[in-house]
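If you want this note's numbering, it's the position in the sequence shown, counting the first as 1, plus 2.
These notes concern the structure reproduced below.
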Amino acid sequence: MAAQTSADLDAILTGGGAPRTALLRYCVMSVTMEPVFVFLAREYRLRPTHGAALALYDMFCARDAVARVSAPGLLPPRDLRLSAAIRPIRQQWEAMQSPRPDTDPAAATTAPYKNLFDFILSALCDDPEGPLAALARRYDPGLEPEMNLPGGKLNVGQRHFVDKVWRALARPRLLRAGFWQVETIE
Numbered sequence: 003m004a005a006q007t008s009a010d011l012d013a014i015l016t017g018g019g020a021p022r023t024a025l026l027r028y029c030v031m032s033v034t035m036e037p038v039f040v041f042l043a044r045e046y047r048l049r050p051t052h053g054a055a056l057a058l059y060d061m062f063c064a065r066d067a068v069a070r071v072s073a074p075g076l077l078p079p080r081d082l083r084l085s086a087a088i089r090p091i092r093q094q095w096e097a098m099q100s101p102r103p104d105t106d107p108a109a110a111t112t113a114p115y116k117n118l119f120d121f122i123l124s125a126l127c128d129d130p131e132g133p134l135a136a137l138a139r140r141y142d143p144g145l146e147p148e149m150n151l152p153g154g155k156l157n158v159g160q161r162h163f164v165d166k167v168w169r170a171l172a173r174p175r176l177l178r179a180g181f182w183q184v185e186t187i188e
């Protein structure tokens, strides 16, 4: 029996094209949100907007996030750094969305920090026992996303996540925030 090598997830995520789409599709189907978050948080660094920061936080990091990443020691309620940093971003976003006639919303608005999610990215990417490392050991980029699943198909819980969480909630919110790449991730 041949020893299985680890997939280079970083190369796949940064390389783009069909291999990245296949990996991200597999991640959604297997409810492994960490690589999706890593990819989108890196995209956020290129264009840090209020909407993108809020979408990433609300979908992946908030206490009740529908696609919460596995980094409990770095996320609310254990670590409040990110929620504290998001608070003024949310306030500015709300002011920009419904400006009062007597105020200029652009006057009090600052761009969110591009490195807002970096401490979470570092923790996820550098943990040799974390979810990304585990995925790298089990994911075969030579197979179709479905064939990487146990039995080659979605189980009931995975089907529910794809249909009721990813397609209905997370993907539309991320698209509205400017993460157009998620359109290809079913």
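Quick reminder that beta carbons are idealized off the backbone N, C-alpha and C, glycines included.
| Query | Result |
| --- | --- |
| Segment limits, alpha helix (DSSP H) that includes residue 128 | 120 to 128 |
| Burial state of residue 74 (16 or more Cβ within 10 Å) | exposed |
| CA-to-CA distance, residue 185 to residue 61, given in whole angstroms | 16 Å |
| Continuous alpha helix (DSSP H) stretch holding residue 36: start and end | 36 to 48 |
| For residue 134, three-class secondary structure by DSSP | helix |
| Three-state secondary structure (DSSP) of residue 150 | helix |
| Proximity below 7 Å, CB of residue 27 to CB of residue 188 | yes |
| Length at least 4, wholly inside the stretch 65 to 109: the alpha helix (DSSP H) runs in chain order | 83 to 99 |
| First through last residue of the alpha helix (DSSP H) which encompasses residue 31 | 19 to 31 |
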